[in-house]
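Presented below is the structure to which this report refers.
Numbering (our numbering), first residue to last: 767 to 1120.
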């Protein structure tokens, strides 16, 4: 079995979370952890932390003036209270499935309980924003493994991920700095890039690398989605820049990489960025907007518990809208809200009762 310096862990997973309208419910994170079942040996190979950002609580007067904004970490007293309740509820649930592996996991993975790490929470007392929160976790010494995965609380795995093969290939190839799994944005990526940017990636596609049965396609844009990266790639490159309160790495690096690729050409520019997508030919990572999550019992029938994180015919029930606030729930979902969750622009995700 592959092992890191501590005897078994090669990967640290930082799951970023912050106040969202569905709190105090833990349904979103529970769905994420259930989706981990599709990532081979993740509980053995990875230490998992839930990185909980702080927030700025605003006054009722500021709220009336429209100065709140969940994305900016500026929340009303009501949202702040529900977030505190969410964290309290989450602490109580960490030793229970789906946060803790089921009893059968140790047997199935040929590993005793001692080599399966317990999920821990990192609670930041002040608001940081996405990029500074990641850097704070590094600065506090939580990332000690050779590889790191920065994940979002609203990105779920919906297809199998060959994690051991990805990690082994990264260990054997220094040029492979970051590996994304496929989302709708990266399906047919070579064709999309040729059409949109007149850029030919085909000569740079890596095939038959190590243990991987899938090709690695170079990216032209730095995505902030869930990905597996070399830890020194983060410390020496990604985070090695001035970060301001509220910064997001995709906003800092995405267009910068694209312009670099356009100006210098893929062959010259891409080795600096070293980011690839694993071409499995299908959607592997599904994004359910946490800020737009709302109760949608009518989609599947009231009080019908479901075990799968994503509905098989989800796209049929999408509810398009350009008005974010209009699509937020009128009240915070509670543990009595069974059924499904959905978003304004994407498809429903279904959750068991929490």
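Ideal placement from N, C-alpha and C gives every residue a C-beta, glycine not left out.
- Note on residue 1021: under 16 other CB atoms within 10 angstroms of its CB, so exposed under the neighbour-count rule.
- Closest option to residue 1027, judged by alpha-carbon separation, among 987, 1016, 1050: 987.
- A straight-line Cα-Cα distance of about 45 Å links residue 792 and residue 969.
- Taking a C-beta distance under 9 Å as the contact criterion, residue 1023 and residue 900 do not qualify as a contact pair.
- With a 10 Å radius around the Cβ and a threshold of 16 neighbouring Cβ atoms, residue 940 comes out exposed.
- Residue pairing by DSSP places residue 984 opposite 1042 in a beta bridge.
- Residue 907 is classed as exposed because its beta carbon has fewer than 16 other beta carbons within 10 Å across all chains shown.
- The Cβ-Cβ distance between residue 1041 and residue 945 falls below 9 Å.
- Separation of residue 909 and residue 1019 (C-alpha to C-alpha, rounded to the nearest whole angstrom) is 22 Å.
- Taking 9 Å as the cut-off, the beta carbon of residue 1043 is found closer than this to the beta carbon of residue 985.
- Taking the Cβ atoms as the reference, residue 914 lies roughly 15 Å from residue 805, outside the contact range of under 8 Å.
- Secondary structure at residue 816: strand, using DSSP grouped into helix, strand and coil.
- Counting along the chain, residue 843 sits inside no beta strand (DSSP E); it lies in the alpha helix (DSSP H) bounded by residues 843 to 859.
- Nearest to residue 918 by C-alpha distance, out of 1032, 809, 787, 815, is 815.
- Around the beta carbon of residue 1031, fewer than 16 other beta carbons lie within 10 angstroms, which makes this residue exposed.
- Cα atoms of residue 1053 and residue 921: separation of roughly 4 Å, rounded to the nearest angstrom.
- Within its own chain, the residues whose Cβ lies closer than 8 Å to the Cβ of residue 938, once the five positions on either side in sequence are excluded, are 976, listed in chain order.
- If you draw a straight line from the Cα of residue 997 to the Cα of residue 778, it comes to about 9 Å.
- The beta-carbon separation of residue 817 and residue 780, rounded to 5 Å, stays under the 8 Å limit for a contact.
- It is roughly 46 Å from the alpha-carbon of residue 856 to the alpha-carbon of residue 1034.
- In the three-state reduction of the DSSP assignment, residue 932 falls in the helix class.
- Between residue 978 and residue 931 a beta carbon distance of about 5 Å is seen, short of the 8 Å cut, so the two are scored as contacting.
- Residue environment analysis places residue 787 among the buried positions, since at least 16 neighbouring C-beta atoms fall within 10 angstroms of its C-beta.
- In the three-state reduction of the DSSP assignment, residue 913 falls in the strand class.
- Contact between residue 813 and residue 852 fails: their C-beta atoms lie close to 22 Å from each other, not under 8 Å.
- In the three-state DSSP reduction, residue 918 falls in the strand class (E or B).
- With a minimum length of 4 residues, the unbroken runs of alpha helix (DSSP H) contained wholly in the region 944 to 997 fall at 955 to 963.
- Measuring C-alpha to C-alpha distances from residue 994 to each of 958, 953, 936 identifies 936 as the nearest.
- If you draw a 10 Å sphere on the C-beta of residue 868, you find fewer than 16 other C-beta atoms in it, and that means exposed.
- Residue 1008 and residue 801 have their C-alpha atoms spaced approximately 34 Å apart.
- Burial state of residue 1047 is exposed, judged by a 10 Å Cβ sphere holding fewer than 16 other Cβ atoms.
- Runs of the alpha helix (DSSP H) lying entirely within the region 1000 to 1036 and spanning at least 4 residues, in chain order: 1015 to 1030.
- For residue 782, the beta-bridge partners assigned by DSSP are 817, 918.
- For residue 796, the secondary structure class from DSSP, reduced to helix, strand or coil, is helix.
- Where residue 1051 is concerned, the enclosing beta strand (DSSP E) starts and stops at 1051 to 1053.
- DSSP, reduced to helix, strand and coil, places residue 888 within a strand of the structure shown.
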